[in-house]
Amino acid sequence: MSATILPGTTVPAQHVNLKLGPGLLQQPDAGEAGPSIISTRAGTLNHSFNGSKWWVESNSRRYVPAPQESVIGVIVQKVGDGFRVDIGSAHSASLDGLAFEGATKRNKPNIKIGCLVYARVSLAHKDMEPELECFDAQTRKAEGFGEVRGGFLVRCSLRMCRDLLDSKHFLLPLLGARFPLEAAVGINGRVWVNAKEQKHIITISRCIEAVDPDGGGLDEAGVKALLGSLDI
Amino acid sequence: MVKPLPERPFEGMITIHSEISPMASSEYEPGRSSDEEVAITRMLDKVLKRSDAIDKESLCILAGQRVWHIRLTLHFLSDAGNMLDCACLAGMVALKHFRRPDVEVIGDEVTVHEPTERAPIPLAIHHTPFCLTFAFFPDTAIPPVIDPTQLEQRLSAGLLSVALNAQRELCVVQKLGGVPLDTDEVLNIVNIAVQKAKELNILVDTRLKEDWASRKVE
Chain A
1 MSATILPGTT VPAQHVNLKL GPGLLQQPDA GEAGPSIIST RAGTLNHSFN GSKWWVESNS
61 RRYVPAPQES VIGVIVQKVG DGFRVDIGSA HSASLDGLAF EGATKRNKPN IKIGCLVYAR
121 VSLAHKDMEP ELECFDAQTR KAEGFGEVRG GFLVRCSLRM CRDLLDSKHF LLPLLGARFP
181 LEAAVGINGR VWVNAKEQKH IITISRCIEA VDPDGGGLDE AGVKALLGSL DI
Chain B
233 MVKPLPERPF EGMITIHSEI SPMASSEYEP GRSSDEEVAI TRMLDKVLKR SDAIDKESLC
293 ILAGQRVWHI RLTLHFLSDA GNMLDCACLA GMVALKHFRR PDVEVIGDEV TVHEPTERAP
353 IPLAIHHTPF CLTFAFFPDT AIPPVIDPTQ LEQRLSAGLL SVALNAQREL CVVQKLGGVP
413 LDTDEVLNIV NIAVQKAKEL NILVDTRLKE DWASRKVE
């Protein structure tokens, strides 16, 4: 069901309700049979069972913002009413001071420069500055978004973040069984972790770097061996 | 090929261009020189130009009228810490790898041969300096770390950069503030740096030989 593909390769994706995921582009020029689909990334080509959804799974370290994705950003500047946030994309994102749950003109959050926020990308176009919001789109409540305090920021590849967000991945439950931890996974290659003791935080950070496909790609048995060798 | 400087009519010119773009990390902004960028530019200048690694007189074609002007451009793709060492290594290897067109001078006439006509010739390099950076931490119980990563560099209290070649000759010693050091520690560090420089020298020579062997030259 999956084959390795290089950028520029034509993809034989045909369906009535075709949906293209990341890494695929529709070229509107008239070939032999109408618009052709080509890949824009190197990776493995996957498609759903009935052939209606096609996408390319690839790994990279640079984040390209897309709407409705949760990211972790660092406040770099206070601009008027809002903040300028670094999310690792080409442009800094803007976060309005009122884009928090329960914020009014008199009651704006007081976040300092250098603080971390967990936010949702609300607007992202290729040439514009992305915009962030700190509440859920439908319920307009915080739902975990907002400023995060304490803890430590770990950087990893984008594939690792997507794996950590997958509820079936082994790493976070395995570590959570050993000691209590909190984690906020941003899809922009950043993970915020917090635990009561410093050595636990360092353990989580080392495990994430070890399981990262860029840094070794350790599997479950490897992680257990690594945990055994650390002093926790 | 350009006209040489009037005060040095027998020497060629080397310019090094190393601006850190935001591609390296989102902390760097185009146009604004961060402290690190200034430090790297100055160190590259000292290590590659002022240490006389390249023989500038061999770049002269016609004294007072024509000399080679070599332009070295460094692009920083990703900041993983210790960009200074990488920049020095990359610059040095690029200069060692480079081949310039062969030039024939008959009287006052200068003929530049195409690389397809005559094999291009390498630059005349006196010695190969390598730069090695050590990071020190505020807690003096932790020994200095060679080749610090991004996190280690950020948390360090000071950095000591030593540029030397495999023949145990010191070119540059640069200490950017921070923790005071004993003479014993500094000498120890220089010894370790010499070992590393020797290893790097062997590595660079082997790779350049491999690359040269894979090219067809008549």
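Chains A and B supply the protein sequences, listed in that same order.
Per the numbering used here, residue 1 is the first one in the first sequence, and the count goes up by one each step.
Per the numbering used here, residue 233 is the first one in the second sequence, and the count goes up by one each step.
Note that CB positions come from ideal geometry on N, CA and C, so glycine has one too.
Euclidean distance between Cα positions of residue i and residue j
i, j, result
"B:Lys-288", "B:Lys-281", "9 Å"
"B:Gln-406", "B:Leu-391", "8 Å"
"A:Lys-19", "A:Arg-159", "21 Å"
"B:Asn-433", "B:Arg-274", "23 Å"
"A:His-200", "A:Asn-50", "44 Å"
"B:Ser-265", "A:Pro-28", "44 Å"
"B:Ala-367", "B:Ile-374", "10 Å"
"B:Thr-343", "B:Val-299", "13 Å"
"A:Ser-58", "A:Leu-116", "27 Å"
"B:Glu-417", "B:Pro-376", "9 Å"
"B:Glu-261", "B:Arg-386", "18 Å"
"A:Gly-244", "B:Val-404", "The first residue shown for chain A is 1 and the last is 232, placing residue 244 of chain A beyond what the model contains."
"A:Asn-194", "A:Ser-157", "20 Å"
"B:Thr-438", "B:Ala-445", "11 Å"
"B:Cys-292", "B:Glu-243", "6 Å"
"B:Asp-277", "A:Ser-36", "52 Å"
"B:Arg-331", "B:Ile-353", "5 Å"
"A:Ser-229", "B:Pro-380", "24 Å"
"B:His-301", "B:Glu-401", "27 Å"
"A:Leu-25", "A:Val-56", "11 Å"
"A:Arg-178", "B:Leu-383", "26 Å"
"B:Lys-448", "A:Lys-53", "49 Å"
"A:Lys-168", "B:Thr-415", "56 Å"
"B:Pro-347", "B:Val-335", "10 Å"
"B:Asp-443", "A:Asp-127", "41 Å"
"A:Gln-68", "B:Val-426", "53 Å"
"A:Val-191", "A:Leu-164", "9 Å"
"A:Arg-155", "B:Thr-372", "28 Å"
"B:Leu-306", "B:Val-279", "14 Å"
"A:Gly-150", "B:Leu-316", "32 Å"
"A:Ile-232", "A:Pro-173", "16 Å"
Chain B contact residues for residue i, given Cβ-Cβ distances below 9 Å
i, result
"A:Gly-215", "By Cβ distance, chain B contributes nothing, its closest Cβ being about 12 Å from A:Gly-215, past 9 Å."
Presumed contact (8 Å Cβ cut-off) between residue i and residue j, rounded CB distance
i, j, result
"A:Ile-187", "A:Arg-162", "7 Å"
"A:Ile-111", "A:Ile-75", "6 Å"
"A:Thr-44", "A:Ala-103", "Actually they do not touch by this definition, with Cβ atoms about 43 Å apart."
"B:Ser-250", "B:Ile-272", "6 Å"
"B:Leu-304", "B:Ala-319", "Not a contact, Cβ separation roughly 10 Å."
"B:Lys-430", "B:Ala-389", "That belief does not hold up - the Cβ atoms of B:Lys-430 and B:Ala-389 are roughly 29 Å apart, past 8 Å."
"A:Ala-142", "A:Glu-182", "The pair is not a contact, with the Cβ atoms about 15 Å apart (cut-off 8 Å)."
"A:Phe-170", "A:Glu-220", "5 Å"
"A:Arg-120", "A:Ser-70", "5 Å"
"A:Asp-86", "B:Ser-393", "About 28 Å; that fails the 8 Å criterion."
"A:Ala-210", "A:Gly-216", "5 Å"
"B:Leu-294", "B:Met-255", "Rounded, the Cβ-Cβ distance is 40 Å, inconsistent with contact."
"A:Ser-48", "A:Val-11", "Not really, about 14 Å apart at Cβ, beyond 8 Å."
"B:Leu-364", "B:Lys-428", "6 Å"
"A:Val-148", "A:Ala-184", "6 Å"
Contact list for residue i against chain B, beta-carbon separation under 7 Å
i, result
"A:Asp-86", "Ser-258"
is_contact[residue i, chain D] using C-beta, thresh 7 Å
i, result
"B:Phe-330", "Annotation note: the requested chain D is absent from the structure, which comprises protein chains A and B."
message: What are the residues in the segment 255 to 280 of chain B lying within 7 Å of chain A by C-beta distance?
response: Ser-258
- request: Please go through the segment 255 to 338 of chain B and give each complete beta strand (DSSP E) segment of 3 or more residues, from N-terminal end onward.
  value: 292 to 294, 301 to 305, 335 to 338
- request: Just list the beta strand (DSSP E) runs in the segment 95 to 178 of chain A, keeping only unbroken ones of 3 residues or longer that don't cross its boundaries, in chain order.
  value: 116 to 123, 131 to 134, 146 to 148, 152 to 155
- prompt: Enumerated in chain order, which unbroken segments of the beta strand (DSSP E) with a length of 3 residues or greater are wholly contained in the segment 342 to 400 of chain B?
  reply: 362 to 368, 390 to 396
message: As an exercise, report each continuous beta strand (DSSP E) stretch of at least 3 residues that is fully enclosed by the segment 24 to 62 of chain A, in chain order.
response: 24 to 31, 34 to 39, 43 to 47, 53 to 57
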